[in-house]
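Just below is one structure, and these are the notes that go with it.
2 protein chains.
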Amino acid sequence: MKNKINRNIPDEIMREQGYTGFDSVEFGNPDIQRVAPKVTATTGNSKVVASLAEVIEKTLHNGMTISFHHHFREGDYVFNQVMRLIIDNGYQNLTLAPSSLTNVMNDIVVEAIDKGVVTNITSSGMRGSLGDAVSHGALANPVIFRSHGNRARAIETGAIKIDVAFLGVPNADEMGNANGMDGKAAFGSLGYALMDAQYADKVVLITDSIKPYPNTPASIKQTQVDYVVEIDAVGNPDKIGSGATRFTKDPKELKIAKTVNDVIINSPYFKDGFSFQTGSGGAALAVTRFLRQAMLDKHIKASFALGGITKPTIDLLEEGLVAKVMDVQDFDKGAAESMHLNKNQQEIDASWYADPANKGAMVDKLDVAILSALELDTKFNVNVMSGSDGVIRGAIGGHQDAATAKLTIISAPLVRGRIATIVNDVTTVVTPGDSVDVVVTEVGIAINPKRQDLMTALRDLPGVPVYTIEELQQMAVQKVGTAKPLEFTDKVVALIEYRDGSLIDVIHEVKD
Amino acid sequence: MKNKINRNIPDEIMREQGYTGFDSVEFGNPDIQRVAPKVTATTGNSKVVASLAEVIEKTLHNGMTISFHHHFREGDYVFNQVMRLIIDNGYQNLTLAPSSLTNVMNDIVVEAIDKGVVTNITSSGMRGSLGDAVSHGALANPVIFRSHGNRARAIETGAIKIDVAFLGVPNADEMGNANGMDGKAAFGSLGYALMDAQYADKVVLITDSIKPYPNTPASIKQTQVDYVVEIDAVGNPDKIGSGATRFTKDPKELKIAKTVNDVIINSPYFKDGFSFQTGSGGAALAVTRFLRQAMLDKHIKASFALGGITKPTIDLLEEGLVAKVMDVQDFDKGAAESMHLNKNQQEIDASWYADPANKGAMVDKLDVAILSALELDTKFNVNVMSGSDGVIRGAIGGHQDAATAKLTIISAPLVRGRIATIVNDVTTVVTPGDSVDVVVTEVGIAINPKRQDLMTALRDLPGVPVYTIEELQQMAVQKVGTAKPLEFTDKVVALIEYRDGSLIDVIHEVKD
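Sequence order for the protein chains is X and B.
Mapping to the working numbering: the first sequence position 478 is 478, numbers consecutive.
Mapping to the working numbering: the second sequence position 341 is 1341, numbers consecutive.
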């Protein structure tokens, strides 16, 4: 069948896996029966076990679903140690359900797939050797990609049932009270991992710092934890921060950032009490800097900043330009270290951040979201998952979730090297065009035709030409020509869920 | 049948209500399937509704289970307003499942019973006109009394299924982010109400202060809340504090407090890192003061203080004598106001505080608990529920829960007026003798014979004579004689659950 945005979804996948096709960005008000874990009662005995090997033996059986979080990002030491033991002990047929997979996890997951240890994966994304292997059909069953909000939804409704969660933390006491804010490998908010801690049947904390009981503030609570294991180091502090900590000096990126700022401050949403999510990376930091100046100039203060938080956003908080910062994750040391000091930084779990199936998420109140794109098409559909060669190399993250903001801006260069960013049809739809409002490139902007109000507000900005999305696509063609169509086999290697659990697209095996 | 401690439990109650008889204070390590609420998804629209009447109409149906918390204690303005509307709108057959019932709630519950509005009650306790009415058979079905930890257990396992929770809070935003720490009627920890917020199908917040969104810190989160109602005042700040704020000057109480302190500091538990729960009231405050001096003298610091927290305990925290304070409720303004200022005060929910059916509660780690008694018998069983006339006038509170401490001290005068406190058999067993270690009276102490280790440690304390519990009971008889046995009918008016959900005793209708 073709779903509402004309993407081909094989009938047998719809049927066998009980999916509906993506239909609308509106979630509505359904009644939803939540699920709950099976817990094993304990009393006051210490939960510390001597080794990872012992805790794996105590908890894991073939066929189970295991989870990890990715708050340590490229500095993660936990995932590889646990997976090494799982592989070496010959476990089979596991489902891997982490909040996401970072590059340091790639090779060992490929090995686990090759050896039949991991036979199913659900994740926010994947890249590198793992994306390559999956795109070439290494996994018998399709990977299921879910946004951060959708993962929360899936856990709450039982679509993801975690048997054992292996959660690395920079501190914990012997009973399992832990947070992400203190310790050598502090990363700030435990936002994604809080879902696993609440819903997994068995929760294993892995830490390099056992604190006196009771360890507070306790983001993960002893009532949720079965075992605590101490290892030498849970993460590399220098690699926990994700990339840029200074704003970009690249002229094209700066131009885009300045235009993003022009769009925001000339939109009807830029007024006292507005809210925003900027994300990470040098260009996002530049947007934050431009926005700061505009807020000072116009005497405007924001009610909250949301999402993955960076130090420049904390600076706005400390300066009084932002009233509250809501952290589902922290992208750098500055944001992480501020968490236990600034009471206006609130740690939020992935459900509160972005789950459409709860009693209201932060993204529902978001005025402005600035998001990126690998590709964007003339229907405003966005691809943040597959590369120009058709290979998986991205992550949904909070993209679909934050795109429900009142003003969703996609910032993207017209072309990258010899590859067009703006195309007729994206290879993979992650975020539907219906939730995209403005596209910002270095040559000008395009406004979704359904937003005539924004057309009126933005059409006469000095130095910001407005084009149709087709015009931008044609400019890209003029620069780099039309790429040869990619070739895929019939085999489906990954499913892209929309945040409501419907299927928005699938990814096929690449044909070499 | 007779249960393990020889209490008569009518067979039909065991059979019809599926109870087992109390058997042991040990909970063991069973696997327990939790339950979860049915939630109605919402998006970003304000949850504020115009009136209590409207929100009741939106949520309530005959036969439902409704809940409230008692954190406002005798200053509660919420309960009466909601119940007034429920009664006046003619609802029938409701189950009332508050965390407890305070005296300001008595008369309206009696009216609701009389009119068939409320036909079932589960609570921590009741007193006054309500206790009197129930003890005289006003309610067709027996009340079920549960400890704070047991209520958490019952909610988590579905034994209490709350349809609508009406939760008063001193602040909230339009989406339902709320805490108990700020506002005119601040009471500190929302500990008991956090269970309702997490597990009720519908959660209604009632506040007198709507704050800008997002309101943080959020103890109750928008993801849990369906409706927010603003009323003029949620509570009387002067009556939220429960009783004494200064330690007692009564010589008998002072003597008992000093002896309690002697027992603690001469026990093997008084060492660096110990933990304690003292409770409220002038005598408890006196114990805290004696304990402070002993800690200073011996250079001993506590790892945590637990329970209902008072200002003198916060003073110990600020003085560095206690590392952490774990607040399931706050008994006075000083403790409540300190909560948002002192990061070493951790708000804990009732499950974390005391639920035996989770992965470990704070009470499991408790070294010393000081508890009170209306009656105590020669089997060390404690009654905190029925008065000397057999009428219900008490509450389990955290009594059964904290009594699992390593050193449980019951402080009680030998007699009160012309009534013996220490008797052959308590009228109602709330806490089994198995979890009581030392009884402290003004004439001396008695040690549970199973604690020969404590006998060794405490037998030679200057000014603290050690008696058998039978000797203390005989001394009480010598003072006030033997009371005429109480007379009851066959009708059971209340069930006393032990914290594991088994039946430890029942209360019969009084015969006048």
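Note that CB positions come from ideal geometry on N, CA and C, so glycine has one too.
With DSSP as the reference, label residue i as helix, strand or coil.
i	result
B:T1040	strand
X:K479	helix
B:F1290	helix
X:Y213	coil
X:S135	helix
X:Q198	helix
B:A1305	strand
B:D1163	coil
X:L341	coil
B:R1084	helix
X:L454	helix
X:I32	strand
B:I1264	helix
B:R1393	coil
If I'm right that residue i touches residue j with Cβ under 8 Å, what's the distance once you round it to whole angstroms?
i	j	result
B:G1149	B:A1305	Not confirmed; about 18 Å, so no contact.
X:V524	X:A354	Residue numbering for chain X in the displayed model covers 1 to 512; residue 524 of chain X lies beyond these limits and cannot be assessed.
X:I231	X:F187	No, X:I231 and X:F187 are not in contact; Cβ-Cβ is about 16 Å, not under 8 Å.
B:D1173	B:P1212	7 Å
X:V78	X:I206	5 Å
B:P1217	X:Q346	6 Å
X:I516	X:I56	In the structure as shown, chain X starts at 1 and stops at 512, and residue 516 of chain X therefore has no counterpart that could be examined.
B:V1440	B:V1260	5 Å
B:E1442	B:K1255	5 Å
B:I1300	B:D1272	5 Å
Starting from residue i and walking both ways along the beta strand (DSSP E), at which residues does that stretch end?
i	result
B:E1026	Careful: B:E1026 lies outside any beta strand (DSSP E) and carries neither H nor E.
X:N6	Neither: X:N6 is in no beta strand (DSSP E) and is coded neither H nor E.
B:T1119	V1118 to S1123
B:H1508	L1503 to V1510
B:V1438	V1438 to V1440
B:V1384	Unbroken run through B:V1384: none, as it is neither H nor E.
B:K1324	V1322 to D1330
How would you list, in chain order, the residues of chain B whose beta-carbon sits under 8 Å from the beta-carbon of residue i?
i	result
X:G149	Those do not exist, as X:G149 stays about 11 Å from chain B at its closest Cβ, beyond 8 Å.
X:K343	T1216, P1217 and H1340
Which stretch, first to last residue, makes up the alpha helix (DSSP H) that contains residue i?
i	result
B:V1234	Where B:V1234 is concerned, there is no enclosing alpha helix (DSSP H), given that its DSSP letter is neither H nor E.
B:N1106	N1106 to D1114
X:S351	A350 to A354
X:F270	Neither: X:F270 is in no alpha helix (DSSP H) and is coded neither H nor E.
B:T1157	H1148 to T1157
B:V1055	L1052 to T1059
B:K1311	K1311 to E1318
Under 9 Å Cβ-Cβ, which residues of chain B neighbour residue i?
i	result
X:Q33	A1036, P1037, K1038 and V1039
Under 9 Å between beta-carbons, which chain X residues line up against residue i? List them in chain order, please.
i	result
B:A1402	The premise fails here: B:A1402 is roughly 13 Å from chain X at the closest Cβ pair, so nothing lies under 9 Å.
B:S1502	Residues of chain X passing the Cβ test: none, with the nearest at roughly 14 Å.
Output, in chain order, the set of chain X residues within a Cβ distance shorter than 7 Å of residue i.
i	result
B:A1357	A41
Determine the chain B residues that contact residue i at a beta-carbon separation under 7 Å, and present them in chain order.
i	result
X:G360	T1042, T1043, G1044, M1175, Q1222 and T1223
X:D364	T1043 and G1044
X:D226	K1359
X:S351	T1223
Are the C-beta of residue i and some C-beta of chain C separated by less than 9 Å?
i	result
X:K258	Of the protein chains in this structure, namely X and B, none is chain C.
What does residue i reach in chain X if we use C-beta pairs closer than 8 Å?
i	result
B:Q1346	P214, T216, P217 and A218
Against chain X: residues of the segment 1191-1224 of chain B by CB proximity under 7 Å: Result list: P1212, Y1213, P1214, T1216, P1217, A1218, K1221, Q1222, T1223 and Q1224.
Of the residues that make up the segment 1301-1328 of chain B, which ones have a beta carbon closer than 8 Å to any beta carbon in chain X? Taken in chain order, the members of the segment 1301-1328 of chain B whose beta-carbon sits within less than 8 Å of a beta-carbon on chain X are S1303, F1304, A1323, K1324 and M1326.
Which residues of the segment 4-29 of chain X have a Cβ closer than 9 Å to any Cβ of chain B? Give them in chain order. From the segment 4-29 of chain X, only E26, F27, G28 and N29 have a Cβ closer than 9 Å to chain B.
In the segment 55-84 of chain X, which residues sit with their C-beta less than 7 Å from some C-beta in chain B, listed in chain order? With the criterion set as a beta carbon lying under 7 Å from some beta carbon of chain B, the segment 55-84 of chain X has no members that meet it.
According to a CB-to-CB cut-off of less than 7 Å, which residues of the segment 178-189 of chain X neighbour chain B? Cβ contacts with chain B: none found.
Chain-ordered residues of the segment 1364-1386 of chain B with a beta carbon less than 7 Å from chain X: Those would be D1364 and K1365, in chain order.
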